[in-house]
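Asker: Can you read through this structure? Questions will come right after.
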Amino acid sequence: MALTIIESPLLAELTTLRLGGNAVALVRASGSGDLDALPETLEKLGGTIHVLGRGSNILAKDGAIAATLVQFDEAEPAMTMEHEAKDTAVVHVSASLSLPALVRKLVAAGLSGLEGLLGVPGSVGGAVAMNAGAFGCEIGTVLEAVQIFSPERGLEWLDRDGFATAYRAFTLTRPVSWMVVTAARLRLPKTGAEATKAAADEAIAKKKAAQPLSAWSAGCVYKNPALGVAAGWLLDEAGFRGKTLGGVGFSEKHANFLVNYGKGTSTEAFELLAMAEEAVAERSGYTLVKEVRVWPCS
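Here it is, written out as structure tokens:
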């Protein structure tokens with residue numbers, strides 16, 4: 001195996017929002033054996049380092065972006081059972097496995113805890129890195145250990161003492177300059193295939209009814225600002241459900257979903273978000289904080 005380098009990749013082709021200009025390069029590692037060469041390669045290429053999963057939570061700016069993208073992309077990402085007890089099971093999963101594929105495998109095995117994430121089009125690594133959550137569940141609640149690669153410490157497994165999770169956040173106890181999530185161990189309760197399938201069916205039915213799952217979107221664009229206060233409700237109250245600017249807009253189904261209707265630009269997206277943030281602050285006093293990752297950082 002060897003690192004694959006793609007020069008001047010277009011973010012609009014790598015993200016679910018289909019927006020963004022050209023980065024310096026995309027460096028793809030197809031397995032853990034490629035990672036030792038990663039720091040030197042990135043240093044030679046230059047640019048700010050951004051780790052790309054499946055591009056499902058990214059709003060990239062237009063034009064040239066002084067960033068080099070890193071992607072861990074195993075050819076056959078797997079989920080395997082590591083340990084099984086009476087009431088729980090521990091599974092090992094590759095970070096490059098898609099999140100929907102993971103949830104489907106868990107549901108089929110009768111393991112519960114992540115059914116609410118069905119329909120989120122990211123990777124396991126991306127879900128860990130942002131502690132993805134939906135419908136009252138978060139991956140951090142079932143995360144027992146995580147394997148990461150960093151230039152300072154190489155490839156290592158960290159248990160719960162080595163990291164912390166919070167609302168849409170994952171942090172290391174001992175920070176590093178950058179990291180790539182390569183694998184995770186999850187401990188999940190056994191509830192049986194029938195119960196997990198029912199929960200998964202209910203979650204996906206609610207999402208189809210209330211979220212634009214088939215649209216070009218990055219999911220929820222803002223974090224909920226306080227317990228019991230939904231960003232979507234604040235945007236709705238401020239009149240932004242369905243509001244468009246050029247080729248982008250807030251979904252008619254869910255006001256907290258920014259959608260690219262096919263010919264949108266990041267410039268339009270940022271202008272629309274600024275309008276929404278100002279309107280919500282004036283109407284409610286709440287400051288909206290983006291959940292979507294902005295590349296390069298503002």
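Take 1 as the starting number for the sequence shown in full-length UniProt numbering and just add one per residue. Beta carbons are placed, not taken as given, at the ideal position from N, Cα and C, and that holds for glycine. If you're wondering where the values come from, they're calculated on a predicted model, not measured in any experiment.
1. Would you mind stating whether Glu291 and Val221 have Cβ atoms separated by less than 8 Å?
2. Measure the C-alpha to C-alpha separation of Thr173 and Phe163 and round it to an integer number of angstroms.
3. Pick out the complete alpha helix (DSSP H) segments inside the stretch 23-73, 4 residues or longer, and give them in chain order.
4. Would you kindly work out how many angstroms separate the C-alpha atoms of Phe240 and Leu227, rounded to a whole number?
5. Short of 6 Å in beta carbon distance, which residues of its chain neighbour Gly55, apart from the five on each side in sequence? Order them along the chain.
6. Where do the ends of the alpha helix (DSSP H) carrying residue 299 lie?
7. Take every Cβ of the stretch 38-53, pair it with every Cβ of the stretch 100-118, and state whether three or more of those distances are shorter than 8 Å.
8. Taking the beta carbon of His254 as the centre, do at least 16 other beta carbons fall within 10 Å, making it buried, or is it exposed?
9. Give a yes or no on contact between the stretch 203-214 and the stretch 174-191, applying the rule of three or more CB pairs nearer than 8 Å.
10. Is it the case that the Cβ atoms of Asn295 and Ile58 are separated by a distance below 8 Å?
11. Would you decide whether Ala274 is buried or exposed? Buried here means 16 or more other CB atoms lie within 10 Å of its CB.
12. Do Val90 and Glu144 have their C-beta atoms closer together than 8 Å?
13. Considering only their Cβ atoms, is the gap separating Ala95 from Val181 smaller than 8 Å?
14. Hey, quick one: how far does the alpha helix (DSSP H) through Leu106 stretch, first residue to last?
15. For the stretch 176-251, list the alpha helix (DSSP H) runs that are entirely contained and at least 4 residues long, ordered along the chain.
16. Thinking C-alpha only, which one of Gly246, Ala37, Ala209, Arg104 is nearest Ser150?
17. Gly154 bridges to which residues according to DSSP?
18. For Phe163, list the residues DSSP reports as bridge partners.
19. According to DSSP, is Ala75 part of a helix, a strand, or is it coil?
20. Find the nearest neighbour of Met130 within the set Val51, Ala67, Arg104, judged by alpha-carbon distance.
21. Does the distance from the C-beta atom of Thr68 to that of Ala23 stay below 8 Å?
22. Looking only at C-alpha atoms, which of Thr267, Val124, Phe72 sits nearest to His92?
23. Please determine, among Gln71, Ile65, Asp62, the residue with the shortest C-alpha to C-alpha distance to Asp34.
24. Could you pull the DSSP bridge partners for Cys137 from this structure?
25. Spell out the partners DSSP gives Val91 in its beta bridges.
26. Under DSSP, the alpha helix (DSSP H) around residue 307 begins and ends at which residues?
27. The beta strand (DSSP E) spanning Arg18 covers which residue range?
Answerer: In short:
1. For the purposes of this step, residue 291 is taken as the residue at position 291 of the sequence shown. For the purposes of this step, residue 221 is taken as the residue at position 221 of the sequence shown. Closer than 8 Å, so yes.
2. Residue numbering aside, residue 173 sits at position 173 when the sequence shown is read from its first letter. Residue numbering aside, residue 163 sits at position 163 when the sequence shown is read from its first letter. Going from the Cα of Thr173 to the Cα of Phe163 covers about 5 Å.
3. 38-45
4. For this step, residue 240 is matched to residue 240 along the sequence shown. For this step, residue 227 is matched to residue 227 along the sequence shown. Distance between the alpha carbons of Phe240 and Leu227: 21 Å.
5. The residue given as residue 55 occupies position 55 in the sequence shown. So the list reads Leu14, Thr15, Thr16, once near-sequence residues are dropped.
6. There is no way to answer for residue 299, as the model of the chain reaches only from 1 to 298.
7. no
8. Taking the sequence shown and counting its residues from 1, the one referred to as residue 254 is at position 254. Result: buried.
9. no
10. Translated into the one-based positions of the sequence shown, residue 295 becomes position 295. Translated into the one-based positions of the sequence shown, residue 58 becomes position 58. In the sequence as displayed, the identity of residue 295 is Trp instead of Asn. Yes. Within cutoff.
11. Taking the sequence shown and counting its residues from 1, one reaches residue 274 at position 274. Exposed.
12. Counting from one through the sequence shown, the residue named residue 90 turns up at place 90. Counting from one through the sequence shown, the residue named residue 144 turns up at place 144. The answer is yes: Cβ separation under 8 Å.
13. The residue given as residue 181 occupies position 181 in the sequence shown. The residue given as residue 95 occupies position 95 in the sequence shown. A contact, by the Cβ cut-off of 8 Å.
14. Here residue 106 corresponds to residue number 106 of the sequence shown, with the count starting at 1. Segment 99-108, the alpha helix (DSSP H) holding Leu106.
15. 193-210, 231-237
16. Mapped onto the sequence shown, residue 150 falls at position 150. Ser150 has its Cα closest to that of Ala37, out of Gly246, Ala37, Ala209, Arg104.
17. Residue 154 sits at position 154 when you count from the first residue of the sequence shown. DSSP, once it has assigned bridges, lists Ser150 as partnering Gly154.
18. On the sequence shown, residue 163 is found 163 positions in, with the first residue counted as 1. Leu172.
19. Here residue 75 refers to the residue found at position 75 when the sequence shown is read from its first residue. Correct three-state label for Ala75: coil.
20. Your numbering for residue 130 matches position 130 in the sequence shown. Of the listed residues, the one whose Cα sits closest to Met130 is Val51.
21. Taking the sequence shown and counting its residues from 1, the one referred to as residue 68 is at position 68. Taking the sequence shown and counting its residues from 1, the one referred to as residue 23 is at position 23. Cβ atoms of Thr68 and Ala23: closer than 8 Å.
22. Taking the sequence shown and counting its residues from 1, one reaches residue 92 at position 92. Nearest option by C-alpha distance: Val124.
23. Within the sequence shown, residue 34 is the residue found at index 34, counting from 1. Asp34 has its Cα closest to that of Gln71, out of Gln71, Ile65, Asp62.
24. As a first step, residue 137 is located in the sequence shown; it is residue number 137 there, counting from the start. DSSP output for Cys137 lists Ala134 as bridge partner(s).
25. Taking the first residue of the sequence shown as position 1, residue 91 is located at position 91. For Val91, which the question treats as bridged, DSSP gives the partners Met81, Leu186.
26. Limits of the chain in this structure are 1 at one end and 298 at the other, which puts residue 307 out of reach.
27. The residue you call residue 18 lines up with position 18 of the sequence shown. Per DSSP, Arg18 belongs to no beta strand (DSSP E) and is neither H nor E.
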